[in-house]
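S.K.: Sharing a structure with you now.
In this note's numbering, the protein residues as written are 92 to 184.
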């Protein structure tokens with residue numbers, strides 16, 4: 092399938108990317124803006140939840156003027172701009 096890529100994050104600083112048009116065995120370092128675009132794509136395709144090691148990851152969507160911090164994700168207008176993240180109800184014992 093032409094123009095198809097698969098991204099598999101392995102850790103907070105390593106990922107595998109596969110695609111028919113890519114050269115095999117090539118290792119690249121990416122800049123923070125490219126990483127933020129990848130994170131934005133992952134966020135947009137997430138069904139329900141986004142996982143990260145902390146809230147300081149960067150993400151970038153088309154409507155942004157610059158890289159956003161994960162700690163602002165719940166306030167992002169694209170996702171409804173809630174002021175606070177949804178919390179689970181306390182479990183009673």
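Just so it is clear, CB atoms sit at the ideal spot from N, CA and C, and this is done for glycine as well.
Being a predicted model, the structure only gives us computed values, none of them experimental.
1) From the DSSP output, in three-state form, read off residue 131 for me.
2) Between the Cα of residue 147 and the Cα atoms of 94, 138, 126, 139, which residue gives the shortest distance?
3) Closest by CA to residue 149, which one among 142, 115, 131, 135?
4) Measure the C-alpha to C-alpha separation of residue 93 and residue 111 and round it to an integer number of angstroms.
5) Taking C-alpha atoms, which residue in 145, 133, 96, 137 lies nearest to residue 151?
6) For residue 159, does the count of other Cβ atoms within 10 angstroms reach 16, so buried, or fall short, so exposed?
7) When we look at the beta-carbon of residue 179 and count the other beta-carbons within 10 Å, is it buried (16 or more) or exposed?
8) Closer than 8 Å by C-beta to residue 169: which residues in its own chain qualify, once you throw out the five before and the five after it? Chain order, please.
9) Assuming the contact rule is C-beta atoms closer than 8 Å, residue 129 and residue 98 should be a hit. Round their C-beta distance to whole Å, please.
M.R.: So, from the listed chains and residues:
1) DSSP places residue 131 in helix when its eight states are reduced to three.
2) Comparing Cα positions, the closest option is 126.
3) It is 131.
4) Using only the alpha carbons, I get a separation of about 6 Å.
5) Residue 151 has its Cα closest to that of 133, out of 145, 133, 96, 137.
6) Buried is the call here.
7) With a pLDDT of 48 at residue 179, under the threshold of 50, the modelled position of that residue is not reliable, and the figure given next carries that caveat. It counts as exposed.
8) So the qualifying residues of the chain are 152, 154.
9) Sure, about 7 Å apart at Cβ, within 8 Å.
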